[in-house]
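Enquirer: Numbering (my numbering), first residue to last: 2 to 35. We put the beta carbon where it would ideally sit given N, CA and C, even for glycine.
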């Protein structure tokens, strides 16, 4: 995705990775891709 963003003029990408509460996600029927 960074290559595509560079084509749009975005030079720097910052992201944050969050932990997932698996038990709560299961209760809420959350959709996770692993």
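Give the DSSP-derived three-state secondary structure of residue 6 in the structure shown.
Expert: It is helical.
Enquirer: For the alpha helix (DSSP H) containing residue 17, name the first residue and the last one.
Expert: Careful: residue 17 lies outside any alpha helix (DSSP H) and carries neither H nor E.
Enquirer: Between the alpha carbons of residue 2 and residue 11, how many angstroms are there, rounded?
Expert: Each residue's alpha carbon lies about 11 Å from the other.
Enquirer: For residue 33, does the three-state DSSP call read helix, strand or coil?
Expert: coil
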